[in-house]
Amino acid sequence: MHNGMKKPLIFDIKRASLNDGPGVRTVIFFKGCNLNCFWCHNPEGKSPDAQIAFFAEKCMGCGNCAKVCASPAACTVCGACVTGCPTEARRLYGKPYTVEELLTAILADKPYYHATGGGVTFSGGECMLYPDFLANVAERCQKNGVSVAVDTAGNVPYAAFERVLPYTDIFLYDIKALDSALHCRGTGVSNTLILKNLDRLQNSGKKMIIRTPVIPDFNQGEEVERIRAYCAARGLTHELLAYHALGESKREALAAHDVFRECQPLN
Ligand code: SF4
Ligand code: SF4
Numbered sequence: 000m001h002n003g004m005k006k007p008l009i010f011d012i013k014r015a016s017l018n019d020g021p022g023v024r025t026v027i028f029f030k031g032c033n034l035n036c037f038w039c040h041n042p043e044g045k046s047p048d049a050q051i052a053f054f055a056e057k058c059m060g061c062g063n064c065a066k067v068c069a070s071p072a073a074c075t076v077c078g079a080c081v082t083g084c085p086t087e088a089r090r091l092y093g094k095p096y097t098v099e100e101l102l103t104a105i106l107a108d109k110p111y112y113h114a115t116g117g118g119v120t121f122s123g124g125e126c127m128l129y130p131d132f133l134a135n136v137a138e139r140c141q142k143n144g145v146s147v148a149v150d151t152a153g154n155v156p157y158a159a160f161e162r163v164l165p166y167t168d169i170f171l172y173d174i175k176a177l178d179s180a181l182h183c184r185g186t187g188v189s190n191t192l193i194l195k196n197l198d199r200l201q202n203s204g205k206k207m208i209i210r211t212p213v214i215p216d217f218n219q220g221e222e223v224e225r226i227r228a229y230c231a232a233r234g235l236t237h238e239l240l241a242y243h244a245l246g247e248s249k250r251e252a253l254a255a256h257d258v259f260r261e262c263q264p265l266n
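Using numbering that gives the first Met the number 0, the first residue of the sequence shown is number 0, and each one after it goes up by one.
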C-alpha cells in the first residue's frame, strides 16, 4: 500500500544520538510499521495511531488520572491523564508535526552536526511509509545544510525509495534474516521485497550501511554470520546492533494504558 499522502505522527525526537549513523545526530521517530518483530525495541512505534502508556513503577497512586478522564470506558487518547499526572507515569506516544516544526527541531543542533559529520536520521517505526512527507522534510534539511540519513526495514514499494532518494545522503538498511521462513517467523513478513529493494538501492549508487539487530533465539549465531558474508560479498558496509530488553517495559506500559481506573487517592 502506498501511504504517500498520509500524515505521520512522531513518537520521539532524540537529540545527540551517536548510534544512528555518522557523527552526532537528531533522530526523528515516525509512528507506524509494517513489520511486527517480536523483539521490537520501540513497540510504541508499531501502530500508526496515537497511544497512551502507563508506567506502573512511576505511579504514586494519587488518582488524578481517574479524576480528569472523561472517557474511562473507551480511551479517546485525549491526553488529559498525561497532562494531569504529576510523576510522568503516563505518556502519550504520537504527535502530529508540520514540516516546519520538525525542521526547527532538527536545525537546533546544526552546529553539532557540522562539527562531527552528523545530521538528521529519520527512523521509526518505518519512516518510509510516509514518502511524500519524508521527501519534503528531507529536502528542506538538505537545503539548510543538514545531512540526511533514512533508517528503514525496506519493506515498501521501491517507488517510495525513488521519492526520497534525491534528498537522502545515506540509508541505514536493516537485514534481520536472509532465510525467508525465519524472517517470516521473526517479523511477520517475507524478506523478498526487502532484499529486492536492497539490490536496487545499491545499484542506485547511494551510500548505505546495512544493520542487523542480533537477537537471541532468532538470528544470533549462524544467521548473523550468513548476513555478514552476504554483505561482504556485495561490498556493503555492515554493522551489528545489540539486543536490549528496553522494549519489554514499554510493551507492558502500552498494554496497561487503562490501569488508571484502579488508582485511588491516598487520602
Ligand atoms: S485514559 Fe487518558 S487519554 Fe484516554 S480518554 Fe482518559 S484521560 Fe484521555
Ligand atoms: S494515579 Fe494516575 S495521575 Fe497519579 S501518579 Fe499514578 S498515573 Fe499519575
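Yeah, the Cβ is synthetic: ideal placement off N, Cα and C, and Gly gets one too.
Because the structure is a prediction, the values reported are computed rather than measured.
What number of angstroms, rounded off, separates the C-alpha of residue i from the C-alpha of residue j?
i	j	result
Leu-34	Ser-46	10 Å
Asn-41	Thr-75	22 Å
Glu-125	Val-155	9 Å
Arg-14	Arg-233	33 Å
Gly-93	Ala-255	17 Å
Phe-160	Tyr-112	24 Å
Ala-228	Asp-11	34 Å
Leu-253	Phe-29	17 Å
Leu-192	Asp-108	35 Å
Asn-266	Asp-150	Caution applies to Asn-266, whose pLDDT of 40 falls short of 50 and renders its modelled position unreliable; the model cannot decide the point.
Cys-77	Ala-88	16 Å
Ala-72	Lys-66	13 Å
Ser-146	Arg-90	31 Å
Pro-204	Lys-249	The sequence given here places Gly at residue 204; Pro does not occur at that position. Near 38 Å, if we compare the C-alpha coordinates of Lys-249 and Gly-204.
Gln-219	Leu-181	12 Å
Val-188	Tyr-96	29 Å
Leu-164	Glu-56	43 Å
Asp-178	Leu-106	41 Å
Ala-158	Met-127	10 Å
Gly-31	Gly-44	5 Å
Arg-225	Ser-70	51 Å
Leu-102	Ala-148	14 Å
Ile-169	Met-207	5 Å
Ala-114	Arg-184	42 Å
Asn-190	Asp-257	36 Å
Lys-195	Cys-68	48 Å
Ser-16	Gly-246	18 Å
Lys-6	Glu-99	14 Å
Glu-200	Glu-251	Correcting the residue identity first, residue 200 is Leu in this sequence and not Glu. Rounded to the nearest angstrom, the two C-alpha atoms are 37 Å apart.
Leu-171	Glu-238	10 Å
Ile-9	Ile-174	24 Å
Report buried or exposed for residue i, applying the criterion of at least 16 other Cβ atoms within 10 angstroms of its Cβ.
i	result
Thr-186	buried
Asp-216	exposed
Asn-18	exposed
Asp-198	exposed
Asn-202	exposed
Cys-36	buried
Cys-80	buried
Cys-39	buried
Gly-153	buried
Asn-143	exposed
Pro-130	buried
Ala-176	buried
Glu-222	buried
Gly-20	buried
Cys-140	buried
Thr-236	exposed
Pro-110	exposed
Mind checking who residue i pairs with in its DSSP beta bridge?
i	result
Lys-207	As written in the sequence, residue 207 is Met, which differs from the Lys given in the question. In the DSSP output, where bridge partners are listed per residue, Met-207 has Phe-170.
Asp-11	Phe-28
Pro-212	Leu-240
Phe-121	Ile-27 and Val-149
Tyr-92	Gln-50
Ser-16	Arg-24
Any beta carbon from chain B within less than 9 Å of residue i's own beta carbon?
i	result
Tyr-242	You won't find chain B in this structure, because it holds only one protein chain.
Problem set entry | At least three beta-carbon pairs within less than 8 Å, the region 118-129 to the region 23-33 | At 8 Å Cβ cutoff, the stretches touch.
For this session: Give a yes or no on contact between the region 83-92 and the region 59-72, applying the rule of three or more CB pairs nearer than 8 Å.
Result: yes
For this session: Taking 8 Å as the threshold, find out whether the region 43-57 comes into contact with the region 134-154 through three or more Cβ pairs.
Result: Too few Cβ pairs lie closer than 8 Å, so no.
For this session: Take every Cβ of the region 209-223, pair it with every Cβ of the region 242-252, and state whether three or more of those distances are shorter than 8 Å.
Result: yes
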